[in-house]
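Notes for the one structure printed next.
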Amino acid sequence: MDAVPQDLENAFRMVSVGVSAAREAEAAVAEAAGALGDRASCFVLAFVPECLDHQGVAQALNRHLPQTPVFGCTSGGQITPNGYEDSALLLVGFPREHFRVASTLFHPLKPVSIENTARQAKTLAQRFRSTAHWRRFGLIFADGLSKQEDMLVAALDAGLGDIPVVGGSAGHGLSFDVTYILHGGQFRENAALLLIIETDLAFESIEFDHFLPTERQIVVTEANPEDRVVQEINGTPAAEEYARLIGCAPEDLSPRVFAENPVLVRNLDSWHVRAIQQVGDDGSLAFLSAIENGLILTLARGKAIIETMEAELDLRGRKGERPDFVLGFDCVLRRLEIEQKQLSAEASGVLRRGRVLGFNTYGEQHGGIHMNQTFVGIAFYPPDGEMEL
413 MDAVPQDLEN AFRMVSVGVS AAREAEAAVA EAAGALGDRA SCFVLAFVPE
463 CLDHQGVAQA LNRHLPQTPV FGCTSGGQIT PNGYEDSALL LVGFPREHFR
513 VASTLFHPLK PVSIENTARQ AKTLAQRFRS TAHWRRFGLI FADGLSKQED
563 MLVAALDAGL GDIPVVGGSA GHGLSFDVTY ILHGGQFREN AALLLIIETD
613 LAFESIEFDH FLPTERQIVV TEANPEDRVV QEINGTPAAE EYARLIGCAP
663 EDLSPRVFAE NPVLVRNLDS WHVRAIQQVG DDGSLAFLSA IENGLILTLA
713 RGKAIIETME AELDLRGRKG ERPDFVLGFD CVLRRLEIEQ KQLSAEASGV
763 LRRGRVLGFN TYGEQHGGIH MNQTFVGIAF YPPDGEMEL
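Note that my numbering has the sequence shown beginning at 413, numbered continuously upward.
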């Protein structure tokens, strides 16, 4: 792994960052945890690459950070101080002087009870004693293959009221086979984690994609909503009709094709991507977000992805200061498109300049909605007197 760029060595003053490209769990955790330094952490977030044994990572974290709660998940890729990474363990330490946290685990996650989930979230918030003049936000990490995120985020939004919630669905490279959530020193399948975090730092949430709706609409005419599978669109086998509409042979459909040709749903004045995961053996299409019979989908056209990312991550606080760091959750399908267009170096440069830390997801959550092919996150600004303009 390349060294952290010289101009970013001291960029993250409000958090501690540890990164390791070691391919063995013990060595990776030892290196990344050691880089966090002696600053006392309230908690640590861990984003784990597909190449590392997740249980080995959990055991090593328990040994190297025995007094610090560590939360996180397996990922579809990592966003480190270098930008995009495929095989880097990323640890982010949140210092006690600026952060407090309360957590709850939903396990088993499936099936989600909206009533019970909302009640559990509300209880967690009520029992978490407030600190004067500090503000709160929620983070969600959910099993990215559970097919429960739509109901989960709606329930949490109802339970938490005016506490903003942002999150990402756990991944596992591009395998789409199994994902894991880290809580209480263990990784678990079929789980979701809610963190309520309190801080004295100013912060703002972020959400953007790079798609615009076209005039071409399609209708879901046969679907299995529980499994997020569409058998027919426009009365025709789903994969065949989708391929025809985008000018592609059905046998050539792939995650990279889906990434460049998404479909959108409209929610009031906003458009959100409903990403396609894969083609079934029967010619159906499996989606990464909620789907139902009669749903109207709109084919999208892309804007320039690097220019969009550059503009959206050119953030400034109320006094014109840059963020100290951005905790970001970026869809793995966006990264696939970037790689296919051979723009990885440019994208990593934008992420470095934007001071983004986070991971590539199987789905994103923001504003009570689960979506795909979107970047969501939270930008944190340094206190007065520590600003960088």
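Idealized CB from N, CA, C, for every residue including glycine.
Review point. Taking the alpha carbon of arginine 713 as the point to measure from, which residue in Phe424, Pro674, Asp693 has its own alpha carbon closest?
Key: Of the candidates Phe424, Pro674, Asp693, the one whose C-alpha sits nearest the C-alpha of arginine 713 is Pro674.
Check your understanding: Roughly how far, in whole angstroms, is the beta-carbon of isoleucine 491 from the beta-carbon of aspartate 742, given that I think they are within contact range, below 8 Å?
Key -> 6 Å
Review point. Tell me the DSSP bridge mates of valine 427?
Key: In DSSP, valine 427 forms no bridge with anything.
Review point. Mapping DSSP to helix, strand and coil, what is aspartate 742?
Key: strand
Check your understanding: Going along the chain, which unbroken runs of the alpha helix (DSSP H) with 4 or more residues stay wholly within the segment 437–494?
Key -> Correct list: 437–447, 466–476.
Check your understanding: Would DSSP call serine 617 helix, strand or coil?
Key -> strand
Check your understanding: Identify the residues that DSSP records as bridge partners of histidine 684: which are they?
Key -> Note: histidine 684 sits in a beta bridge opposite Val677.
Review point. So what does alanine 554 bridge to, in DSSP terms?
Key: Ser581, Ala604
Review point. Buried or exposed: which applies to alanine 415, given that a residue is buried once 16 or more other Cβ atoms fall within 10 Å of its Cβ?
Key: Low confidence applies to alanine 415: its pLDDT is 45, below 50, so where it sits in the model is not reliable enough to give any reading.
Point to revise | Sub-9 Å separation of tyrosine 654 and leucine 697 beta-carbons | key: yes
Point to revise | Start and end residues, beta strand (DSSP E) containing glutamine 629 | key: 623–636 is the extent of the beta strand (DSSP E) around glutamine 629.
**Study point:** Own chain, CB closer than 6 Å to leucine 557, minus 5 neighbours either side, in chain order
**Key:** Thr591
Point to revise | Inter-residue Cα distance where the pair is aspartate 681 and glutamate 561 | key: Approximately 22 Å between the Cα atoms of the pair.
Point to revise | From Ala423, Val460, Arg425, residue whose alpha carbon lies closest to that of glycine 441 | key: Residue 441 is actually valine in this sequence, not glycine. Closest option to valine 441, Cα to Cα, is Val460.
Practice item. Provide the residue(s) that pair with serine 515 in DSSP beta bridges, ordered along the chain. Key: Leu607
Exercise for review: Tell me proline 523's beta-bridge partners as DSSP assigns them.
Suggested key: Looking at the DSSP assignment, proline 523 forms no beta bridge with any residue, so it has no partner.
**Study point:** Spatial distance of glutamate 619 from glycine 550 (CA atoms)
**Key:** 15 Å
**Study point:** Nearest-angstrom Cα separation, counted from threonine 486 out to serine 587
**Key:** 12 Å
Point to revise | Span separating the alpha-carbon of lysine 715 from that of isoleucine 658 | key: 17 Å
Exercise for review: Identify, in the order they occur along the chain, each residue of the same chain with its Cβ nearer than 6 Å to the Cβ of glycine 468, setting aside the five sequence neighbours on each side.
Suggested key: Ala437
Practice item. Please name the residue, chosen from Ile781, Pro523, Ala445, Ser453, that lies closest to tryptophan 683 on a Cα-to-Cα basis. Key: Checking every option, the nearest Cα to that of tryptophan 683 belongs to Ile781.
Practice item. Mind checking which residues open and close the alpha helix (DSSP H) that includes glutamate 722? Key: 717–724
Review point. Arginine 668 and glutamine 598: beta carbons closer than 9 Å?
Key: no
Exercise for review: Pick helix, strand or coil for arginine 531, following the three-state DSSP scheme.
Suggested key: The DSSP-derived three-state label of arginine 531 is helix.
**Study point:** Nonlocal neighbours in the same chain, by C-beta distance under 7 Å from leucine 607, ignoring five residues either side
**Key:** Contacts found: Phe483, Val513, Ser515, Gly550, Leu551.
**Study point:** Minimum C-alpha distance to threonine 710 - residue among Arg730, Leu624, Gly761
**Key:** Leu624
Review point. Taking Cβ positions, are aspartate 447 and valine 427 nearer each other than 9 Å?
Key: In the sequence under discussion, the amino acid at residue 447 is alanine, which differs from the aspartate named in the question. Their beta carbons are not under 9 Å apart, which means alanine 447 does not touch valine 427 by this criterion.
Practice item. Give a single yes or no on whether threonine 480 has its beta carbon closer than 8 Å to a heavy atom of the ligand NAD. Key: Annotation note on the ligand NAD: not contained in the displayed structure, which lists no ligands.
Exercise for review: Give me the Cα-Cα distance between serine 760 and alanine 582, rounded to the nearest whole angstrom.
Suggested key: 21 Å
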